[in-house]
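Take the sequence shown: its position 15, counted from the start at 1, is 3 in this note's numbering, and no numbers get skipped. Ideal Cβ positions, reconstructed from N, Cα and C, are used throughout, including at glycine. All figures in this text were calculated on a predicted structure; none of them were measured in a lab. Scroll down for the structure; my scribbles are underneath it.
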Amino acid sequence: MFILIITDKYFVIKTRDKILESAISLFNQFGYSNISMQRLASELGLSPGNLTYHFPKKEDLMLALYLMFKKEIGIVIPPKKENKSDLYLFDEQIVNFYHLQQRYLFFYLDLLEIERAYPVIAQQHYIHIQDQISRLEHGLRYCIALGLINESDNPENIKFLAQQLWFTAVFWPRQIRVRGITDELDHLRKTIWHQIKPYLTDAGNKKVKDILEQTLTADTTIKT
-11 MFILIITDKY
-1 FVIKTRDKIL
9 ESAISLFNQF
19 GYSNISMQRL
29 ASELGLSPGN
39 LTYHFPKKED
49 LMLALYLMFK
59 KEIGIVIPPK
69 KENKSDLYLF
79 DEQIVNFYHL
89 QQRYLFFYLD
99 LLEIERAYPV
109 IAQQHYIHIQ
119 DQISRLEHGL
129 RYCIALGLIN
139 ESDNPENIKF
149 LAQQLWFTAV
159 FWPRQIRVRG
169 ITDELDHLRK
179 TIWHQIKPYL
189 TDAGNKKVKD
199 ILEQTLTADT
209 TIKT
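Written as structure tokens, this is what we have:
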């Protein structure tokens, strides 16, 4: 067992949870393929046998991490029936998604490699992708009902917009590195809102302007 001391209180962290959190940190730093189970055990100060007691194979570890990831992202983007997001809540989802993406950065950078190595994860992730795009589409259609996004003559347009937003957000870390530019939350937010802008009503444009101005004011206040 591991014991973490915070504000004079004792919190017992199970070995399994410690392994998972350490794996996330090491995978983010060095890439998932560069961290063997032996190295992970060494970094944790565990014997290889203690590590394999909890995760017999690296595949078991990866599957556990993926299930953690799915659970956490399911909170960031609510299920369709619960995703009643106006534009303010949509912006909040962008922010929360960005931070979750930073937490599981290795997954977004090494996704293709992970899927090739672990077909079980790949199969689950294909379903997960469709569900996430569907949730985004539902949120956009809710904004149509609120009069914030224009209802298109072609109902497929909103579906394609949802796919476009998903591509932008999910592949953001990889394309940032390919282009050699700094990864910033504000850059991602503005990119996503720029994609949504052509679909906004006058009321929607006003709300987005307020959202971005409020954020800029908050950032300026913090810096000063």
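On the three-state DSSP scale, how would you describe residue i?
{"i": "LEU8", "result": "helix"}
{"i": "LEU55", "result": "helix"}
{"i": "LEU188", "result": "strand"}
{"i": "ILE199", "result": "helix"}
{"i": "LEU28", "result": "helix"}
{"i": "ILE180", "result": "helix"}
{"i": "ILE137", "result": "strand"}
With 16 as the cutoff for other CB atoms within 10 Å, does residue i come out buried or exposed?
{"i": "ARG104", "result": "exposed"}
{"i": "LEU55", "result": "exposed"}
{"i": "TYR76", "result": "exposed"}
{"i": "ILE169", "result": "exposed"}
{"i": "PRO36", "result": "exposed"}
{"i": "SER73", "result": "buried"}
{"i": "LEU100", "result": "exposed"}
{"i": "GLY192", "result": "buried"}
{"i": "ARG123", "result": "buried"}
{"i": "ASP141", "result": "exposed"}
Mind checking which residues open and close the alpha helix (DSSP H) that includes residue i?
{"i": "LEU124", "result": "107 to 133"}
{"i": "TYR92", "result": "No alpha helix (DSSP H) contains TYR92, which DSSP labels as neither H nor E."}
{"i": "PHE38", "result": "According to the sequence shown, residue 38 is Asn rather than Phe. Note, ASN38: alpha helix (DSSP H), 36 to 42."}
{"i": "GLU172", "result": "Segment: none, GLU172 is in no alpha helix (DSSP H) and carries neither H nor E."}
{"i": "PRO161", "result": "160 to 167"}
How long is the line joining the alpha carbons of residue i and residue j, rounded to whole angstroms?
{"i": "ASN38", "j": "HIS126", "result": "45 Å"}
{"i": "GLY135", "j": "GLN183", "result": "18 Å"}
{"i": "ASP174", "j": "PHE159", "result": "16 Å"}
{"i": "ALA52", "j": "LYS45", "result": "11 Å"}
{"i": "PRO161", "j": "ILE137", "result": "28 Å"}
{"i": "ASP48", "j": "ARG4", "result": "12 Å"}
{"i": "LEU14", "j": "ILE180", "result": "30 Å"}
{"i": "PRO143", "j": "ILE132", "result": "12 Å"}
{"i": "GLN163", "j": "GLY62", "result": "24 Å"}
Thinking C-beta only, is residue j closer than 8 Å to residue i?
{"i": "LEU176", "j": "ALA150", "result": "no"}
{"i": "ILE7", "j": "LEU32", "result": "yes"}
{"i": "ILE117", "j": "TYR20", "result": "no"}
{"i": "PHE227", "j": "ASN16", "result": "Look at the range of the chain in this structure, -11 to 212, and you will see that residue 227 is not part of it."}
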